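Everything below concerns the one structure shown next.
Number of protein chains: 4
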Amino acid sequence: MTYEVKSLNEECGVFGIWGHPQAAQVTYFGLHSLQHRGQEGAGILTNDAGKLMRHRDTGLISEVFKNPADLEKLTGSAAIGHVRYATAGEASIDNIQPFWFKFHDTQFGLAHNGNLINAVTLRQELEEKGAIFSSSSDTEILAHLIRHSKQTDFMNKVKEALSSVKGGFAYLLMMEDKLIAALDPNGFRPLSIGKMANGAIVVSSETCAFEVVGAQWIRDVKPGEVVVIDDSGITYDTYTTDTQLAICSMEYIYFARPDSSIHGVNVHTARKRMGAQLAREFKHEADIVVGVPNSSLSAAMGFAEESGLPNEMGLIKNQYTQRTFIQPTQELREQGVRMKLSAVSGVVKGKRVVMIDDSIVRGTTSRRIVQLLKEAGATEVHVAIGSPALAYPCFYGIDIQTRKELIAANHTVEETRQIIGADSLTYLSIDGLIDSIGLETDAPNGGLCVAYFDGKYPTPLYDYEEEYRKSLDEKVSFY
Amino acid sequence: MTYEVKSLNEECGVFGIWGHPQAAQVTYFGLHSLQHRGQEGAGILTNDAGKLMRHRDTGLISEVFKNPADLEKLTGSAAIGHVRYATAGEASIDNIQPFWFKFHDTQFGLAHNGNLINAVTLRQELEEKGAIFSSSSDTEILAHLIRHSKQTDFMNKVKEALSSVKGGFAYLLMMEDKLIAALDPNGFRPLSIGKMANGAIVVSSETCAFEVVGAQWIRDVKPGEVVVIDDSGITYDTYTTDTQLAICSMEYIYFARPDSSIHGVNVHTARKRMGAQLAREFKHEADIVVGVPNSSLSAAMGFAEESGLPNEMGLIKNQYTQRTFIQPTQELREQGVRMKLSAVSGVVKGKRVVMIDDSIVRGTTSRRIVQLLKEAGATEVHVAIGSPALAYPCFYGIDIQTRKELIAANHTVEETRQIIGADSLTYLSIDGLIDSIGLETDAPNGGLCVAYFDGKYPTPLYDYEEEYRKSLDEKVSFY
Amino acid sequence: MTYEVKSLNEECGVFGIWGHPQAAQVTYFGLHSLQHRGQEGAGILTNDAGKLMRHRDTGLISEVFKNPADLEKLTGSAAIGHVRYATAGEASIDNIQPFWFKFHDTQFGLAHNGNLINAVTLRQELEEKGAIFSSSSDTEILAHLIRHSKQTDFMNKVKEALSSVKGGFAYLLMMEDKLIAALDPNGFRPLSIGKMANGAIVVSSETCAFEVVGAQWIRDVKPGEVVVIDDSGITYDTYTTDTQLAICSMEYIYFARPDSSIHGVNVHTARKRMGAQLAREFKHEADIVVGVPNSSLSAAMGFAEESGLPNEMGLIKNQYTQRTFIQPTQELREQGVRMKLSAVSGVVKGKRVVMIDDSIVRGTTSRRIVQLLKEAGATEVHVAIGSPALAYPCFYGIDIQTRKELIAANHTVEETRQIIGADSLTYLSIDGLIDSIGLETDAPNGGLCVAYFDGKYPTPLYDYEEEYRKSLDEKVSFY
Amino acid sequence: MTYEVKSLNEECGVFGIWGHPQAAQVTYFGLHSLQHRGQEGAGILTNDAGKLMRHRDTGLISEVFKNPADLEKLTGSAAIGHVRYATAGEASIDNIQPFWFKFHDTQFGLAHNGNLINAVTLRQELEEKGAIFSSSSDTEILAHLIRHSKQTDFMNKVKEALSSVKGGFAYLLMMEDKLIAALDPNGFRPLSIGKMANGAIVVSSETCAFEVVGAQWIRDVKPGEVVVIDDSGITYDTYTTDTQLAICSMEYIYFARPDSSIHGVNVHTARKRMGAQLAREFKHEADIVVGVPNSSLSAAMGFAEESGLPNEMGLIKNQYTQRTFIQPTQELREQGVRMKLSAVSGVVKGKRVVMIDDSIVRGTTSRRIVQLLKEAGATEVHVAIGSPALAYPCFYGIDIQTRKELIAANHTVEETRQIIGADSLTYLSIDGLIDSIGLETDAPNGGLCVAYFDGKYPTPLYDYEEEYRKSLDEKVSFY
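As given, the protein sequences belong to chains A, B, C and D, one line each in that order. Here our numbering = 1-based position in the first sequence + 48. Here our numbering = 1-based position in the second sequence + 48. Here our numbering = 1-based position in the third sequence + 48. Here our numbering = 1-based position in the fourth sequence + 48.
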């Protein structure tokens, strides 16, 4: 049995703006700073005095908007944009957001970060009423729910639709006369509101976009909120009061950019604290600390400071490695030809190395890096992971939907250590993680979703329930 | 008077191989690891049992070789490759290397890293003999010199030609039956020889390519050497004995990859020592150390360890910023829209920051970063530079050919500090630099060329002499 | 007031196949022969044992399917394809056919040639029931009508939907288990059925595709028919009996390829007869006949034979003129720089020329060609048009939807002659046209729609009625 | 033994202009009208007050100059341009003209139509003097000859070089201060001079370019002439007096555009006369005349008029067939799928057809068309060829360099008739050809080169002599 090597992937980022004469351009720069949340497609939809227009395509934001004209044609003072992560096979342009729904009497745009867990059921119900879906994306469901709602007031149609969808979602809805932002009742996905110097309101999956576009953070959208932004300002409303914060802990561990802050906590600082806590939980002797670039450099800094060991650049990532690169043949790979990551023998030779990584998914990458370091002369390689062991799938917007992909779902720590060839393996404890992030909240697990580590999901699983139950009984042997 | 904002640029990288069934593929991966030395063009020329073939184009190596077929058509067991840095306007494909010279009875390929200083004179002499040049590149001169040589033995023609050209050069010459590597009498540019597990010999501008292709380092080519590699092995010969090592110190400071070693010294380690020495020379109080990503991270590590201050990720570089990116308009830039670098206010707010950078060219970038850090809340920004002040041009292969581009050529340290808006400005001393690199040699300046800092060039300047003398009298006021 | 220069444009061509192992490839070649019916977009949807797949894009069929892989990935033994004509601004890929509708329990594809005249009304009714349209194309309406139909049997849903749409249409509907072809009650658009040697059934807008794919013509689809093609063969059914043949006469005059036959009449032969009839109606003296390439060459042959005048190549069309060509600036155009058409002075100098063209829309092109011929030395230019004067818009699938575009709607023949600068101007009579085509039928106007010439439309105009009535009162002065 | 299907190919077209503010644009339109002379590459070199600049690439002129900016950047009031025909494998951009030679003190551009027959000898001699060629093209030789000339006056260098090269050539040489045009001593290739309304002088391979750019023909360049065009006007000079007109008869038969005139004879008119003469030499009964589109339509007109038979459109060429088109697989081809040419059964069914074609090279195409016509129902197909049988290669600029490609070199007329499956086969007689063209000259063969038909070459064959002699003894059996 063979497994595909997979890394963790976020499902999308959104950015919106209201009240800026160059709304498309600002959105472009905002999306650029969210590029790490999705590289398979991007789009921007603008609103020019009630007239919507859009440009979208597969690829990076810089590929989608190759020519200044692609942006310049998107006039208007309001916009929503989206960067998309897509699993292979769904790369059709039909699925690239923002979606744009046009009617004889109105139109609106829609962008979505997250994953619905009752999508199959809702879609079937809607199709039985005559609905035709133009994409395979969950996102389109909200539009059909709004159009089929029997409510008479438009905002009530929206609230009814938001109450029907379950799972993780951060929506941006561009109407002819307003921009609407909405978050799921658990706040699984981050969504923040900021303000530019000229008074324009911006909404973004991450606050790093605010630094880039020169905006000041106002506050994060809260679970169950629906926020209306129009020429009269910002109106905060709710579509449900049955809420409880459970923000995805993987945002802090891996996904979010280190310069973002989520619910008031800077991501780099949280990671450095995780590294420091990991150093306290680490029980071995070593000479130097080496972080796996780029995601684990903050944790490596924290580990080095707490442990007193020198932090060294023992692994180098080639900055020119792109998706379009020709890969070495199997034969060349066996001869040692590799491109993405090099171990620096001048640094690690003869040293006992603590290799810091943010997480282990399948173990394949960890095994390779351990091997690289040993070939470069490291005498011992102690793997220290800045998060607990990933053992359960996510249904709220991260692409780990099966336990088969997870080495920790099927192997003990000692088995894993042997598989990856390390001299020791240390995971951060769940409590250590929660303390390191340190949100100010009374919610369980410190306001975090840690279901990937303990299998306790904050909501029912709806359409996924049965498949998930079955997966718990599967035992998969790696390697 | 306006100045263009310029960063330092290396002029090219070369890679060669003899004796590998997939010579083109290995060269591709080798060049990929040298991509930082030139991004404007690339090419590979292979030798299949005496039949040469070539593919070259403008762009990154991954753009030049978009399709596997581009590589597969280059059969043969030997190859030379080149990545090219080019100033605007010379981006013609005619100038992209390797060059390929075909005759009715023979043919050869040629790749070059460096800059000749008597090129104008040589070209004029050759044209008066009827020579027609097909490019504006210095590199072609060597081929005409070889063809016009009156020597009868081919290697004597090559040696005569090598003795005629002056300046900095590392040449790779692919003949039908051998690969020739040659280095200038001062060894201004790095050039190393390695061996793969299957016995193939590789030659590269930097040893980082050896890690990538799985080769072991044998030794560096020495000043004045001409090395012949063919089926019988490696033969080391010299074309001159009037040599003296003066390797470009900027290779250690900025250009070379941290995982490369030059003349036995690992580049990351040298930089870390520069950072530590800089900490010893630094005279101010501060709270945290922040390196400018990515080139100054090693020096920041060394500074932090030596000073005991925490090393923090206070600046974030967007990894998706590409050459093709649409830039913010002036208007948006004034509104604070920026893309390449963000300061992390969650990290620097309220802190006295030591900002570590590798060098200052025009000062424009330093001024921007200082401003970014202050806007993000840093109370003080102390700029510490991991090299001495750049005040003189380079004629041996780095693109700083006029003093007008250099802030330190025209301003004192205190003036520069005011221009960039820092609270203090510290440069590493020349002696500190030489000691930090620490080559084992008896040559002056520890075997380094430090002419950019002290204006003492290791050779006569030939065609550049007059212009350089004039430039010393020019005084240019910045800002 | 300025007018855009417009030529006549057909709205689309369709091709379908059932029962061929290389259905996509055959469809590709079929569409290639229908390329003249639409150059703005193309697509193919195949059916592989109930699994549908599709490839579509803007551009010529050869641009849409650039790589053999684009075709090879479309497996299956049945297919429908479409070439699209689009007015500027609607070139979005969303509007390129075949459309593909996917449901949780079924899916189907749809391609359409023609124009609906009650589309606005139907779309509004459907949206009020919750329908969301994913394109601005009329074509999508049929799918929504089928899905909203209360009929229980699928074919009854289809027939109900076909009865609801009004105007000109030839539909191909690819179901999981059958291919359905349907024609409007007047048979405005051509649609023919053929059979390949291996038994595969093909359906095409024109029979020229049958020559190209090696198929034998069986018969044309009749007005009001719905034809089902599946593994058991062909079943002819009707959805209405209220039918009357009124095939678009412009198909014979201009659109269809000369090698096609429609309702049994070869197009080249019909045109040659129009040319001969035109010669009989022509009242002037002349020396030579020159047809405007390429569409008027058949009529010129007929005219020359009937009149006894020599047929000469007095106008040359540049075969390399493409849509992407850089056009001469206004300045160069005034200096006489032109690219598409040249007059041959060696042929026309000193001659009285009969210039044969198929039709006059705005007159701009005719005026230019007359001028070209005179500049090349023609002493007289007598313009003879192979059809009656175009004075009324078409609503059934040809892109002349406003009278403003038509010179004959606003000017007498004598005025037109003066505007185009001809020495005489002769149009073919309506009766001459009908006789030349010579369909075997009892229907009015010999089974032809000649509404462009006499303003008598075979159906009510529905959504277009009001606008059309108004346009009759507008008087527009050209030039 | 297999043979490649080959059609006749011209080797290149040239266009030059002096004294027009938009020289590049005019050259673009001029080259566009010469596109039929070469489709593999194109380029334009302009002269802006002594500063030369160039753009060239593979592909059609419309592909090479995709963006208006490609043209606009070529400023200056003088230009030379080239369209290139290339045999496979030589498609490198290095061989695309105009060539551009740059020296420390001067520079010039060069474009060439024709083929040298002593190129191998000259190149070897030059390389022994140290010359390095940058292309594999014959054209470059002239530049090296000029640079190695010991003459002191530049025009004398040029004349000496022109006297050294042998074969067919029409050169355009762009100097900093003048445009030079030169023709070989036999005038094998056409070259005409014209004048635009604004006084600009243009030079072109064919006069059709004059119609397109709005220029008046002045006169054709004569054998052995070297023409200098500069700001003072046109100066006609000669580099040799040993001249004799032998213009390539294939220019009249096949290559040149019908609207061009060569040495005063319009090409369409010449072809029509060939068709009429062919009708007189034709000895069979038939019902209709069908010309193979597009090159044989003129001859078909002449044949029809002379014979009194109706001229019919029995073969249709698909105007959208492009080089990039996906071709039918062998399997589909056997099922009758074809794309480029269709026979119109509605026209040819039951008819005895005279099929007019301009020439037969290998016979493969003729055999296919005969088969197409018979499958479409023609009862007899009489092939009548508007030129004598092609039996000998050309060395002066047409791509038939071996007798193996020519069916008439190895088969009698009767054998050929059987091979192509025709009911009769008639070639035009050599005298009939010469009379039909009817040049006013005393030169042998009416001033034409008819060596392809009788093997009598107007010059020694130099480097080709030996290979040609050998080929006369080879007998190759087709099919």
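Glycine is no exception: its CB is placed at the ideal position from the N, C-alpha and C atoms. Just so you know, these numbers come straight off a predicted model, no measurement behind them.
Between the alpha carbons of residue i and residue j, how many angstroms are there, rounded?
i, j, result
"residue 431/D", "residue 448/C", "44 angstroms"
"residue 342/B", "residue 401/A", "22 angstroms"
"residue 363/A", "residue 429/A", "13 angstroms"
"residue 418/D", "residue 185/C", "45 angstroms"
"residue 132/B", "residue 451/A", "47 angstroms"
"residue 81/D", "residue 409/D", "25 angstroms"
"residue 317/A", "residue 412/B", "29 angstroms"
Going by DSSP, what residues sit across from residue i in a beta bridge?
i, result
"residue 84/C", "In the DSSP output, where bridge partners are listed per residue, residue 84/C has none listed."
"residue 284/C", "275/C"
Apart from the five residues on each side of it in sequence, which residues of its chain come closer than 7 angstroms, Cβ to Cβ, to residue i?
i, result
"residue 244/A", "68, 250, 261, 262 and 263"
"residue 239/B", "218, 229, 231, 251, 253, 268 and 269"
"residue 471/A", "428, 429 and 430"
"residue 299/C", "238 and 310"
"residue 165/C", "214, 215, 443, 509, 510, 511 and 512"
"residue 209/B", "190, 193, 194 and 197"
"residue 473/D", "431, 461, 464 and 465"
"residue 478/C", "436, 498, 501 and 502"
Against chain B, does residue i count as a neighbour if the rule is that its beta carbon must be under 7 angstroms from one of theirs?
i, result
"residue 253/A", "no"
Less than 6 angstroms between C-beta atoms, sequence neighbours within five positions excluded: which residues of the same chain meet that for residue i?
i, result
"residue 142/D", "183"
"residue 192/A", "174 and 179"
"residue 285/C", "274"
"residue 95/B", "124, 126 and 222"
"residue 337/D", "348, 351, 352, 357, 359 and 402"
Return no unless some Cβ of chain C is closer than 7 angstroms to the Cβ of residue i.
i, result
"residue 130/A", "no"
Closer than 7 angstroms, CB to CB, is residue i near chain A or not?
i, result
"residue 116/B", "yes"
"residue 68/C", "no"
"residue 196/C", "yes"
"residue 160/C", "no"
Exercise. Which full runs of the beta strand (DSSP E) of 3+ residues lie inside the stretch 172 to 226 of chain B, going along the chain?
Worked result: 215 to 222
For this session: Let me know the alpha helix (DSSP H) ranges lying completely inside the stretch 62 to 124 of chain C, each 4 residues or longer, listed in chain order.
Result: 71 to 81, 109 to 112 and 116 to 120
Exercise. What are the start and end residues of each continuous beta strand (DSSP E) run of 3 or more residues lying completely inside the stretch 448 to 481 of chain D, in chain order?
Worked result: 472 to 475
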